[in-house]
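Residue numbers (our numbering): 43 to 263. We treat Cβ as the ideally placed atom computed from N, Cα and C, and that holds for glycine. In this text, all values refer to a predicted model and were calculated from it rather than measured experimentally.
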Ligand SMILES: Cc1cc2nc3c(=O)[nH]c(=O)nc-3n(C[C@H](O)[C@H](O)[C@H](O)COP(=O)(O)O)c2cc1C
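This is the structure we're talking about:
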């Protein structure tokens, strides 16, 4: 049973802390039997706002998800094919980045679309967030991703022991103190506790996806 894992990095910074955090989670799945992974970064991508035109409700066609022609055209089918979505954001004012918010809005095509309505249902979601400060809004950022999972009838993955109650959180300043070291732009790689959480989240998300797929097969749904 193949499990497709899609990581989406919502930071506008290419190769930054959020991308590394997500990649550590994805890397932990390498070599796991029948798991296929792909990571996309939204940095530099042309993604426009959902303008609530409702084209998806009335005119959506097989293979054409949205009326807007931008980089979402290649992202929609990847989301559709995924069994697990690992969505990562930097904490921006204690919630998701604007760039990621645009993507989450555009995924509305899977909530009401004429062809693709309900297609995210039962996919597993894992939220990841990186903040500068320990108490700078990691959890609220995670929750802003979790709300997306709830709204689309997805199954949010959590793990108790590494503190992954709402998703995996990490800090990019040393110890989350807010201290800036100009020589170290990737402080997240020193947050071993946070990285452990990201790996645990990825493992749990795959476990849930396997349970759901096997259950659906057994129940013929
Ligand atoms: C617009 C903006 C808002 C931010 N808001 C917060 C915040 O609310 N709390 C926090 O701890 N850090 C905040 N930060 C810092 C980033 O979350 C932090 O540096 C993160 O590691 C950036 O990830 P990146 O390296 O992937 O860009 C903010 C940064 C920017 C640019």
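Contact belief for residue i with residue j at Cβ below 8 Å, rounded distance in angstroms
{"i": "residue 180", "j": "residue 211", "result": "4 Å"}
{"i": "residue 145", "j": "residue 52", "result": "7 Å"}
{"i": "residue 161", "j": "residue 122", "result": "6 Å"}
{"i": "residue 199", "j": "residue 166", "result": "6 Å"}
{"i": "residue 204", "j": "residue 242", "result": "5 Å"}
{"i": "residue 209", "j": "residue 169", "result": "3 Å"}
beta-carbon residue i near ligand 1 non-hydrogen atom, thresh 7 Å
{"i": "residue 59", "result": "yes"}
{"i": "residue 196", "result": "no"}
{"i": "residue 97", "result": "no"}
{"i": "residue 134", "result": "yes"}
{"i": "residue 114", "result": "no"}
{"i": "residue 179", "result": "yes"}
{"i": "residue 214", "result": "yes"}
Spatially closest choice to residue i from the options, by CA coordinates
{"i": "residue 228", "options": "98, 194, 107 and 60", "result": "60"}
{"i": "residue 99", "options": "90, 124 and 109", "result": "109"}
{"i": "residue 132", "options": "258, 213 and 204", "result": "213"}
{"i": "residue 185", "options": "101, 244, 222 and 130", "result": "130"}
{"i": "residue 46", "options": "57, 153 and 72", "result": "72"}
Beta-carbon proximity list for residue i, same chain, < 7 Å, skipping 5 on both sides
{"i": "residue 232", "result": "216"}
{"i": "residue 81", "result": "49, 51, 64, 65 and 68"}
Same chain, Cβ closer than 6 Å to residue i, five either side skipped, listed in chain order
{"i": "residue 113", "result": "87, 88 and 89"}
{"i": "residue 196", "result": "162, 165 and 167"}
Residues of its chain near residue i, where Cβ-Cβ distance is below 8 Å and the 5 sequence neighbours each way are ignored
{"i": "residue 176", "result": "213, 217, 218 and 219"}
{"i": "residue 62", "result": "228, 230 and 231"}
{"i": "residue 252", "result": "43 and 45"}
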